[in-house]
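Student:
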DNA sequence: CCAATACGCAGGTAAATACCTGCATGTCAA
DNA sequence: TTGACATGCAGGTATTTACCTGCGTATTGG
């Protein structure tokens, strides 16, 4: 998993909207997706290319159409590497901060 | 939670490294953090400003020092909104793709 | 066939980003 | 008090990003 590509891909509202659209209905064509975006088709294609590069979306060609499918695996990997790690220490981290703030009062 | 700020903050290797550094030892000063980064202190400050804007890091001034603490809450919010949602549909999403691929063979 | 449809490719521009240098301010310790 | 130290602030530049327009290619249905 390339965390950089995944986070950069998610760091744009248009691309997050694309994922939401595909979550509502998986396997949509480029044209269908563009109907819900207020930008040129070519611009949407560039966003989708980044989602594909991050492996968040897979595509299948059917004739002249290109179908898009979500791949949730990278999101799960993000969870394992970047959420659980900090979640586990959540209480102790807040504890550190609280102690520091209390230290100021003394 | 501002998902855009959080994802954009996470979409840079330097800022992810800063979070890792703070996870190893919470409450470090700017100077301590800079020792582990190969860039000017002023550049690191700009990265930290983005982490603060995303509420991923909180700071406390102690005299002439600035101490940095991780706040894991936004990460957990990301999990709730962007991981669990897709995780829940993981199997069905893959099912959609598989069906589409099999459809190609017929 | 051939016109409409769905998409790919090339390039160009404005804004955002990630760095830097130089200098100013505030704090501590001798 | 004053010099050393930790950080803040201002601005400038090169790269990346997010759009666009224009045109080319491939597929389908009548």
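Chains as they are written, first to last, in the working numbering: chain W, 1 to 106; chain V, 1 to 106. C-beta: ideal position from N, C-alpha, C; glycine also.
#1: Would residue 48(V) pass as an interface residue toward chain W - the criterion being a Cβ-Cβ separation below 8 Å?
#2: Output, in chain order, the set of chain W residues within a Cβ distance shorter than 7 Å of residue 64(V).
#3: Please list the residues of the region 9 to 23 of chain V that have a C-beta atom closer than 9 Å to any C-beta atom in chain W, keeping them in chain order.
#4: Hey, would you say residue 26(W) sits closer than 8 Å to residue 69(W), going by beta carbons?
#5: For residue 28(W), is the classification buried or exposed, using 16 other Cβ atoms within 10 angstroms of its Cβ as the cut-off for buried?
#6: Can you tell me where the beta strand (DSSP E) holding residue 80(V) begins and where it ends?
#7: I want to verify the contact list: residues of chain V whose CB lies under 7 Å from the CB of residue 2(W), in sequence order.
#8: Which residues in the same chain have their Cβ closer than 6 Å to the Cβ of residue 58(V), if we skip the five residues on either side of it in sequence?
#9: Could you list which residues in chain W have their beta carbon closer than 8 Å to that of residue 75(V), in chain order?
#10: Are there 16 or more other CB atoms within 10 angstroms of the CB of residue 63(W), so buried, or fewer, so exposed?
#11: Evaluate contact between the region 74 to 85 of chain W and the region 72 to 85 of chain V, counting only Cβ atoms and requiring at least three cross-stretch pairs below 8 Å.
#12: Report the residue ranges of all beta strand (DSSP E) runs contained in full by the region 11 to 84 of chain V; include only those spanning at least 3 residues, in chain order.
#13: Under 8 Å: do the region 27 to 45 of chain W and the region 42 to 59 of chain V share three or more Cβ pairs, one atom per stretch?
#14: Three-state secondary structure (DSSP) at residue 4(W)?
#15: Quick one: measure Cβ to Cβ for residue 19(W) and residue 33(W), integer angstroms, because I've assumed they're closer than 8 Å.
Tutor: Looking at the coordinates:
#1: no
#2: None at all; the shortest Cβ gap to chain W is about 14 Å.
#3: 9, 10, 11, 12, 13, 16, 19, 20, 22, 23
#4: yes
#5: buried
#6: Unbroken run through residue 80(V): none, as it is neither H nor E.
#7: Those do not exist, as residue 2(W) stays about 11 Å from chain V at its closest Cβ, beyond 7 Å.
#8: Excluding residues within five positions, the ones whose Cβ falls inside 6 Å are 69, 71.
#9: 82, 83, 86, 87
#10: Under this definition residue 63(W) is an exposed residue.
#11: yes
#12: 57 to 62, 65 to 70, all fully within the region 11 to 84 of chain V.
#13: no
#14: Helix at residue 4(W).
#15: With 8 Å as the limit, residue 19(W) and residue 33(W) do not qualify as a contact, their Cβ atoms being about 11 Å apart.
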